[in-house]
Structures are given as C-alpha cells and as structure tokens.
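Anchor point for the sequence shown: position 101 equals 529 in our numbering, and the numbering is continuous, going up by one each time. Just so you know, even glycine gets a beta-carbon here, dropped at the ideal spot from N, CA and C. The structure under discussion appears below in the form of structure tokens.
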Amino acid sequence: MATPLPSRRDKVAPIFDPAQPRTLIRYFEDLGDLFMAHQVTMDDAKKAAALKYVPMAVEDLWKTLPEYRTEHTYGTFIAAAKKLYPAVSEDRRYTVGDLDRLTGERARIGVHTLADLGAYYREFILITRFLIAKDLLSTREQNRAFESGFQAELWHRISHRLEIKDIDHPPDTAYAVQDVYNAAAFLL
C-alpha cells in the first residue's frame with residue numbers, strides 16, 4: 429500500500445510561488461519525485477495532488493482549466509498550467525528587458541562592496557549567457573551592458589585602472605566583462 433502524500437504544511441511539500449512563476453518548473457519536478465516515492469500513478473490523483481500544495485487562488489484557477497477534467501492526462505494538465513505563466517517558457521526564461529532592469533537597478537543603487545559586485549555579476553552572467561545562447565545578445569552588447577551597471581564615479585575609477593592595464597585598448601570598444609569585474613574587485 430502506498431504511503432499518503434505529505435500535507436501542504438509539511439517541510440517536504442513542494443512549493444509554487446505565483447509571485448515567482450519560474451518556480452513552477454521546480455514545483456512540477458518536485459511533485460514528480462513525490463509521485464514516484466509515494467507510488468501515485470493515476471492521472472486524476474496526480475492532478476488533485478498538484479492542486480493540494482498551491483495557494484487557493486491558484487487552485488481555483490487551475491480547476492477551471494479544461495485539462496483538469498478526468499478525460500485529460502496529467503501531462504496535458506501540466507502543459508495547460510504552464511501556459512498560464514509565460515515566463516515559465518524555456519525560450520523566454522530571461523529577456524533583454526530583464527537585463528535592462530538589472531543594469532538600471534544596479535546603476536541606481538550602486539556597487540559599494542565586493543558582495544554587491546558579486547551579486548550583480550552572478551545575476552548579469554546568468555541573464556546574458558542565456559540571451560547569448562538564444563542569439564538575442566552579442567558579446568559586444570554584453571560587455572557594454574555590464575559597464576552600464578556601474579555608477580559614474582566607480583566606473584571612472586574602473587576605466588582608469590583598465591586603461592593602465594591595457595594601454596592599447598581601442599577607446600570605442602567596451603572592455604570584456606571579466607576584465608571589468610576584475611578591475612572592480614581590485615578597487616573595492
């Protein structure tokens with residue numbers, strides 16, 4: 429006999445946060461693990477369990493999906509639920525708008541510590557590597573965007589250090605992200 433699924437408040441219960449739509453992928457992966465561990469095999473039981481762990485508003489919404497009805501499989505239900513959250517699409521995980529938001533926000537609040545620099549750099553490369561892989565951004569655009577995330581005073585110091593290290597660098601060409609990161613880390 430299969431063991432019952434954990435309650436929604438259990439520490440091993442899967443979590444979907446509608447404010448963070450990208451958590452939906454992990455939510456369904458975690459549900460899949462639970463189904464295997466608890467031997468849940470019937471599509472209707474899987475769909476009911478998928479609703480068990482989400483906020484009530486999400487539960488109400490997902491119940492309105494035609495794919496929630498008995499004649500549809502759990503797989504078609506998952507596909508329909510994902511369509512409600514466009515940010516979940518693998519092709520749209522990050523956008524140029526996300527990059528603009530990040531660099532604008534960082535230019536506004538500034539990079540004051542190594543921790544700030546590290547946080548900016550990690551999020552920046554996460555977004556830009558995705559955009560480059562999808563051919564939505566060039567390396568040249570990536571380099572220029574990274575520079576734009578620094579406030580003027582710090583950028584002046586960074587560019588001065590880079591000019592000293594690479595005196596033959598063309599003035600109209602952005603420095604490589606890694607070079608800017610290293611110079612900023614040195615100065616902070």
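Would you say the segment 526 to 538 touches the segment 572 to 582, given that touching needs at least three Cβ pairs under 8 Å? In this structure the segment 526 to 538 lies against the segment 572 to 582, because at least three pairs of beta carbons, one per stretch, are closer than 8 Å.
Does DSSP put G538 in a helix, a strand or coil?
As a first step, residue 538 is located in the sequence shown; it is residue number 110 there, counting from the start. Collapsing the DSSP output to three states places G538 in coil.
Close beta carbons around P384, own chain, < 7 Å, minus the five adjacent residues each side: Residue 384 is absent from the structure shown; the chain starts at 429 and stops at 616.
Out of curiosity, what's the CA-to-CA distance linking F463 and P446? Translated into positions along the sequence shown, residue 463 becomes position 35. Translated into positions along the sequence shown, residue 446 becomes position 18. Spanning the two alpha carbons is a distance of roughly 22 Å.
Q. Would you call R557 buried or exposed, if buried means 16 or more other Cβ atoms sit within 10 Å of its Cβ?
A. Reading the sequence shown from its first residue, position 129 is the one you call residue 557. So R557 ends up on the exposed side.
Query raised in the report: Hey, I592 and V608 are a contact pair by Cβ (cut 8 Å); roughly how many whole angstroms apart?
Result: To locate residue 592, count along the sequence shown from 1; it is residue 164. To locate residue 608, count along the sequence shown from 1; it is residue 180. Not quite, the Cβ-Cβ distance comes to about 14 Å (not below 8 Å), so this is no contact.
Any alpha helix (DSSP H) of 4 or more consecutive residues that is wholly inside the segment 541 to 574: Counting whole runs of 4 or more residues, the segment 541 to 574 contains the alpha helix (DSSP H) stretches 542 to 561.
So M470 is in the alpha helix (DSSP H); what residue range does that whole segment cover? On the sequence shown, position 42 is the one that residue 470 refers to. Going by DSSP, M470 is part of no alpha helix (DSSP H) at all; its letter is neither H nor E.
Touch check for the segment 566 to 577 and the segment 597 to 608: three-plus C-beta pairs under 8 Å?
Using a Cβ-Cβ distance cut-off of 8 Å, the segment 566 to 577 and the segment 597 to 608 are in contact, since at least three pairs of beta carbons, one from each stretch, lie closer than that value.
Might you give, ordered along the chain, the residues of its own chain that have their beta carbon closer than 8 Å to the beta carbon of L433, omitting 5 neighbours on each side? Stepping through the sequence shown from its first residue, residue 433 is reached at position 5. Result list for L433: L462, H466, V468, A477, K480, in chain order.
Worksheet item: Given a threshold of 16 other Cβ atoms within 10 Å of its Cβ, counted over all protein chains shown, does I555 qualify as buried or as exposed?
Response: The residue given as residue 555 occupies position 127 in the sequence shown. In the assembly as shown, I555 is a buried residue. Its beta-carbon has 16 or more other beta-carbons within 10 Å.
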